[in-house]
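Residue numbers (my numbering): 1 to 85.
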Amino acid sequence: YHIIPSMFLVALSWSFLFVGSTELLLVRNKDKATSAGYINSVIALSMITGALLGGTLSGMFGFTAVFIVAAGLSLVSLLISLVMA
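Pasting the structure below:
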């Protein structure tokens, strides 16, 4: 029962992330259709890649490795966003 509130927060944050990133791309670019296509393509590819990578890592090294890689990728994403801001 403890997982349900955390999954609700994940869904809520995902919806804010998707709307915010789409708005950012569509406002700053002239070619709105291409920008929307790129963001949706990257999201779809990252879902496929993330599922494959997560399944492989958990099968080979356990769930701890999955969370370590996720934390590392989150840190890289944070650093990139700070540099670009």
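We treat Cβ as the ideally placed atom computed from N, Cα and C, and that holds for glycine.
Taken atom to atom, the span from the alpha-carbon of L12 to that of V76 is near 22 Å.
By alpha-carbon distance to V66, the top candidate from L79, I80, G50 and N29 is G50. CA-to-CA, the gap between L79 and A71 works out to about 12 Å. For K32, the enclosing alpha helix (DSSP H) begins and ends at K32 to F61. Ranked by Cα distance from A36, the options I48, L53, M47 and F18 are led by F18.
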